[in-house]
Amino acid sequence: MEESDGELSGRPLKSLNTRIAAPVEFINHTGRTINLKWFDYDGKEVPFATLESSNCLEVNTYVTHPWIAIDEQTNETMLLNLRKTYFPDQPVIRHVDYEGRRFYAVRSRIHITTPGNYASHERVT
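Heads up: the sequence shown begins at 8 in this note's numbering, then just goes up one per residue.
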């Protein structure tokens, strides 16, 4: 399914729940000022933060929360790990504190790039 159809891989462009936390770090490689937005539970775009060129932002989000990155001046949609819409992956657990009943997850890196740079980033894993 095309992303412009309002869904990505059959997933609705809205947040569904807060069951699985997914810590991420957005990294702006675009050379532009980017507006990060997430989709709320009604599917509305919610402005979250402005990220200057070459800056990073750590965010604690959830697996079912979709994100987009928009160029502040041109309103062009940027790529998040080579996707126009990013859904956080299941986190990788690095440590469990059984006494404190907490787990600690690896923070996933989300690389923000321009659509024109897609070909140069295709081989990134």
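Just so you know, even glycine gets a beta-carbon here, dropped at the ideal spot from N, CA and C.
Discussion item. Helix, strand or coil, according to DSSP, for residue 122 in the structure here?
Written reply: Numbered from its first residue, the sequence shown carries residue 122 at position 115. Reduced to three states, the DSSP call for residue 122 is helix.
Apart from the five residues just before and just after residue 130, which ones in its own chain have a Cβ nearer than 7 Å to its Cβ? For the purposes of this step, residue 130 is taken as the residue at position 123 of the sequence shown. For residue 130, the predicted structure reports a pLDDT of 44, less than 50, and the residue's modelled location is therefore unreliable. A value from the coordinates is still provided. Within the same chain, residue 130 has no close Cβ partners at all.
- With a CB to CB cut of under 7 Å and the five nearest residues on each side skipped, what residues in its chain are close to residue 118? Translated into the one-based positions of the sequence shown, residue 118 becomes position 111. Contacts found: 34, 36, 88.
| Looking at C-alpha atoms only, which residue of 61, 67, 60, 43 is the closest neighbour of residue 77? | Here the question's residue 77 lines up with position 70 in the sequence shown. When each option's Cα is compared against that of residue 77, the closest is 43.
Residues of its chain near residue 9, where Cβ-Cβ distance is below 8 Å and the 5 sequence neighbours each way are ignored: Here residue 9 is taken as the residue at index 2 of the sequence shown, counted from 1. Below a pLDDT of 50, predicted positions are generally treated as unreliable, and residue 9, at 38, falls in that range; the measurement from the model is reported next regardless. Here the set comprises nothing.
>> Please report the straight-line C-alpha distance between residue 81 and residue 120, rounded to a whole angstrom.
In response: Within the sequence shown, residue 81 is the residue found at index 74, counting from 1. Within the sequence shown, residue 120 is the residue found at index 113, counting from 1. Roughly 14 Å between the two C-alpha positions.
With a threshold of 16 other CB atoms inside 10 Å of the CB of residue 113, please say whether the residue is buried or exposed. Here residue 113 refers to the residue found at position 106 when the sequence shown is read from its first residue. So residue 113 counts as exposed.
Next item on the list: Determine the DSSP secondary structure at residue 105, reduced to helix, strand or coil.
Entry: Locating residue 105 in the sequence shown gives position 98, where the first residue counts as 1. Coil at residue 105, not helix or strand.
Worksheet item: If residue 83 and residue 57 are in contact, beta carbons under 8 Å, what's the gap, nearest whole angstrom?
Response: For this step, residue 83 is matched to residue 76 along the sequence shown. For this step, residue 57 is matched to residue 50 along the sequence shown. Residue 83 to residue 57, Cβ: 15 Å. No contact.
Taking the beta strand (DSSP E) that residue 30 falls in, what are its first and last residues?
-> What you label residue 30 is simply residue 23 of the sequence shown in a count that begins at 1. Segment 28-35, the beta strand (DSSP E) holding residue 30.
| task | Answer with buried or exposed for residue 99, where buried requires no fewer than 16 other C-beta atoms within 10 angstroms of its C-beta. | result | Sequence index remark: in the sequence shown, residue 99 carries index 92 (1-based). Classification of residue 99: exposed, given that the 10 Å Cβ count is below 16.
Item checked: Own chain residues within Cβ distance below 6 Å of residue 25, not counting five before or after -> As a position in the sequence shown, residue 25 is number 18, starting the count at 1. 69, listed in sequence order.
Just to confirm, is the Cβ distance from residue 32 to residue 116 under 8 Å? Numbered from 1 along the sequence shown, position 25 holds the residue referred to as residue 32. Numbered from 1 along the sequence shown, position 109 holds the residue referred to as residue 116. Yes, Cβ-Cβ distance for residue 32 and residue 116 is below 8 Å.
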